[in-house]
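Engineer: Using the numbering used here, you'd call the opening residue of the sequence shown number 2 and step up by one each time.
Cβ coordinates follow ideal geometry from the N, Cα and C atoms, glycine included.
All values derive from a computational prediction rather than experimental measurement.
There's a structure below that I have some questions on.
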Amino acid sequence: NKVKDISNDGLQVAVITFEEELANVAGQFNDTLEKSQNELETRKNETRSRQPIKNTKKTCRYCAKRPEASSGGSCKVCKEKEEKGKLAKCRLFNKYIKNTHDCSIPTELSHLGESIGALVIDGNMMGRLFQQTSTPAEYTYKSHTFKTKFDKILEDSITTFLDQEENLNLVKHRKEGIDYLGIDVLYAGGDDVLILMNAKAVIQFASHLIENVSEEFMFKKKFYDTTTFENPTVTISCGIAIADNSFPIYFLLDAAREMESSAKKEFRQNTSTDDYNIIKIPKGAMSVTAVNSAMPEKDHISFVFPHDLKDLEQLSRIFDIAFYREKSRTLISDLVTCGNSKHEYLNLIKYMYSSVQRKSDSINIDDCEWMADTLCNDNLLSASRMIIPHLLHGEGE
2 NKVKDISNDG LQVAVITFEE ELANVAGQFN DTLEKSQNEL ETRKNETRSR
52 QPIKNTKKTC RYCAKRPEAS SGGSCKVCKE KEEKGKLAKC RLFNKYIKNT
102 HDCSIPTELS HLGESIGALV IDGNMMGRLF QQTSTPAEYT YKSHTFKTKF
152 DKILEDSITT FLDQEENLNL VKHRKEGIDY LGIDVLYAGG DDVLILMNAK
202 AVIQFASHLI ENVSEEFMFK KKFYDTTTFE NPTVTISCGI AIADNSFPIY
252 FLLDAAREME SSAKKEFRQN TSTDDYNIIK IPKGAMSVTA VNSAMPEKDH
302 ISFVFPHDLK DLEQLSRIFD IAFYREKSRT LISDLVTCGN SKHEYLNLIK
352 YMYSSVQRKS DSINIDDCEW MADTLCNDNL LSASRMIIPH LLHGEGE
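Written out as structure tokens, the structure is:
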């Protein structure tokens, strides 16, 4: 009844009780937990009768189910959801983002950036943490301890990331003369996190968080021969979808969830067993896609840490050139628009080296090297062509 009152009769709650031997609860807690979950699902799916909705000329503009009850065109339930949502969002923002760096808090998608990135985060192989759990108290303690530590890692990762000026400049977005901090934590529950942020910084932040989580949960053992064994006990997979800020958010989140599943798949495929029969797991994984329509493309790029760290660093370097070296924007344009044949790649490289010989101000020998490396790396080239047009959106490119 309290839930119904708080939600203006918009929500109901299912409660189940059952008898169980104390020995079963203590010795077979996983079975007891599974039984309770099954009974709860059965109770939730039971058919219930409700009062029919009266005919009305004006229905809620949000749910289109209940009568309009406010000047804003919403019903009592949706109005309550909106007010509670604003309060919860503010609390969540203040919990994880301690310093706004004199920027305004974003309240609309357009405040995050011209292009936004949806970042979906989930833990890998988390069941291992609870394999030896035998009692409800132990399960609760482990869950609470892990959540507290993970929340702290997320908060510290955001803080240290924004404290670096080059990262802060990527996150900031100026709209109508106001600087907004283009990052917003929409949900954080244990190892499940959803973040929306400026697309210019989303890949760099995901990489930063993956490294921090793996390091904080790293198992280290030093042997007598001075060798050290390291293996992370907790890692995360990140799914990233990038799109224009006017793109339907539902499809963007759906694409990000698909990328998170793709990252988990890449993570599992890169898990191996060493000569001592010890499972060696990567530090984490990330999959990225960019979407342009309501039917997202299947193209994506994946990075597994630390195996693909070199490619990721090279991609970040390309981003830096695109953002900060205006004279080199033509290089980025050539990289994105170059044809797909080896012959066209070779012609572009030859043109660049000849430009160096002509002492062009916009091209140097280092540019020739990273362009050649990128053109010879199919994975890196695909990522650049897919992502860069979105990141330069709104900058005259």
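Between the segment 215-226 and the segment 89-105, can you find at least three pairs of beta-carbon atoms closer than 8 Å?
Structural biologist: Counting Cβ pairs under 8 Å, fewer than three are found: no touch.
Engineer: Name, in chain order, the residues that DSSP records as bridge partners for Gly114.
Structural biologist: Bridge partners of Gly114: none, in fact.
Engineer: Drop a sphere of 10 angstroms on the beta-carbon of Gly183, count the other beta-carbons inside from all chains shown, and report buried for 16 or more, exposed for fewer.
Structural biologist: Gly183 comes out buried.
Engineer: Between which two residues does the beta strand (DSSP E) harbouring Ser288 extend?
Structural biologist: Unbroken beta strand (DSSP E) run through Ser288: 285-291.
Engineer: Please classify Glu399: is it buried, with 16 or more other beta-carbons within 10 angstroms of its beta-carbon, or exposed?
Structural biologist: Coverage of the chain is limited to positions 2 through 398, which leaves residue 399 absent and any answer about it impossible.
Engineer: Quick one: grab the DSSP three-state call for Met198.
Structural biologist: Three-state DSSP puts Met198 in a strand.
Engineer: Grab the span of the beta strand (DSSP E) containing Leu182 for me, first residue to last.
Structural biologist: 179-182 is the extent of the beta strand (DSSP E) around Leu182.
Engineer: Please report the residue range of the beta strand (DSSP E) in which Gly191 lies.
Structural biologist: Counting along the chain, Gly191 falls outside any beta strand (DSSP E), and DSSP gives it neither H nor E.
Engineer: Under the DSSP definition of a beta bridge, which residues are partnered with Arg175?
Structural biologist: Paired residues: Asp180.
Engineer: Within this structure, are the beta carbons of Glu259 and Thr228 separated by less than 9 Å?
Structural biologist: No, the Cβ-Cβ distance between Glu259 and Thr228 is not below 9 Å.
Engineer: Using the C-alpha atoms, what's the distance from Thr234 back to Phe224?
Structural biologist: Going from the Cα of Phe224 to the Cα of Thr234 covers about 19 Å.
Engineer: By DSSP, does Ala295 sit in helix, in strand, or in coil?
Structural biologist: Summary for Ala295: the model assigns pLDDT 49, below 50, so the residue's position carries little reliability; its value from the coordinates is reported in the next sentence. Three-state DSSP puts Ala295 in coil, outside helix and strand.
Engineer: Quick check: the Cα distance between Thr274 and Leu120, rounded to an integer number of angstroms?
Structural biologist: C-alpha separation (whole angstroms): 30 Å.
Engineer: For Asn168, collect the residues of the same chain with a Cβ closer than 7 Å to its Cβ; drop the 5 residues on either side in sequence, then sort them by chain order.
Structural biologist: Here the set comprises Phe162, Ala202, Gln205.
Engineer: Rounded to whole angstroms, what's the CA-CA distance from Leu392 to Gly128? Just pull it up for me.
Structural biologist: One C-alpha to the other measures close to 37 Å.
Engineer: Just to check my reading of the structure: Ala189 and Tyr97 have Cβ atoms closer than 8 Å, yes? What is that Cβ distance to the nearest angstrom?
Structural biologist: The pair is a contact, with the Cβ atoms about 7 Å apart (cut-off 8 Å).
Engineer: Is the CB-CB distance between Cys239 and Ser288 below 9 Å?
Structural biologist: Yes, they are a contact pair.
Engineer: Determine whether the beta carbon atoms of Glu109 and Asp245 lie at a separation below 9 Å.
Structural biologist: No, the pair does not count as a contact, with Cβ atoms beyond the cut-off.
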